[in-house]
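Residue numbering for the sequence shown follows this note's numbering, beginning at 44 and increasing consecutively.
Don't be surprised by glycine CBs; every beta carbon is placed ideally from N, CA and C.
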Amino acid sequence: MDCLPGVASLAAMLDKRILTALRDGQLYVGILRSFDQFGNLIMEETVERHVVEGSYGDIPIGVYLARGDAIAYIGDIDEDADMNNPYLRKVDAETILEEERAAKEKEKERQRLGLSVQSVVDSLFVGEE
Numbered sequence: 044m045d046c047l048p049g050v051a052s053l054a055a056m057l058d059k060r061i062l063t064a065l066r067d068g069q070l071y072v073g074i075l076r077s078f079d080q081f082g083n084l085i086m087e088e089t090v091e092r093h094v095v096e097g098s099y100g101d102i103p104i105g106v107y108l109a110r111g112d113a114i115a116y117i118g119d120i121d122e123d124a125d126m127n128n129p130y131l132r133k134v135d136a137e138t139i140l141e142e143e144r145a146a147k148e149k150e151k152e153r154q155r156l157g158l159s160v161q162s163v164v165d166s167l168f169v170g171e172e
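Dropping the structure here:
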């Protein structure tokens, strides 16, 4: 049997670099060192990854504990593909945080003007009072 069910499948990822996405959208990349029956993960050499419009930056945070109930998905990372991705350019932490702030300001302005995807969805599906 190639695939283990549930949390037991994490055993194959021990001591490998993984990407963990939380339900709130945060991304973490680190080396999986331990897990428990609840899906809680302990990662080492962890960075918080921020992705904005074709750029990404990593903010080092060290050892990280991710609660199992907060995890949306987990995947292993191919180091070569990660470094040679033609669609994303790596920038430093200050640059990515500035780009993220600018993108949030741009989205706020779009929402104010009623041009965001969320405002279109709201106008279609929210009942009139």
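Beta-carbon gap between residue i and residue j smaller than 8 Å
i: Tyr107; j: Thr89; result: yes
i: Leu75; j: Asp58; result: yes
i: Gly97; j: Leu70; result: no
i: Leu140; j: Ala109; result: no
Close-in-space but distant-in-sequence residues of the same chain around residue i (CB under 7 Å, 5 per side omitted)
i: Val50; result: Phe78, Gln80, Gly82
Counterpart residues of residue i in DSSP-defined beta bridges
i: Asp119; result: Ile61
i: Glu91; result: Tyr71, Ile102
i: Ser77; result: Ile85
i: Arg132; result: Ser98
i: Leu108; result: Ile85
i: Ile114; result: Leu65
Residue i (DSSP reduced to helix, strand or coil)
i: Leu101; result: The sequence as given places Asp at residue 101; Leu does not occur at that position. Note: Asp101 maps to strand in three-state DSSP.
i: Glu172; result: Because Glu172 carries a pLDDT of 43, less than 50, the predicted location of this residue cannot be relied on, and the following value inherits that uncertainty. Note: Glu172 maps to coil in three-state DSSP.
Spatial neighbours of residue i in its chain, beta-carbon cut-off 8 Å, leaving aside the 5 residues before and after
i: Glu143; result: His93, Val95
i: Asp67; result: Ala113
Neighbourhood of residue i by C-beta, 6 Å cutoff - its chain only, sequence neighbours within 5 removed
i: Ile120; result: Arg60, Leu62
i: Pro103; result: Val90
i: Ala136; result: Gly100, Ile102
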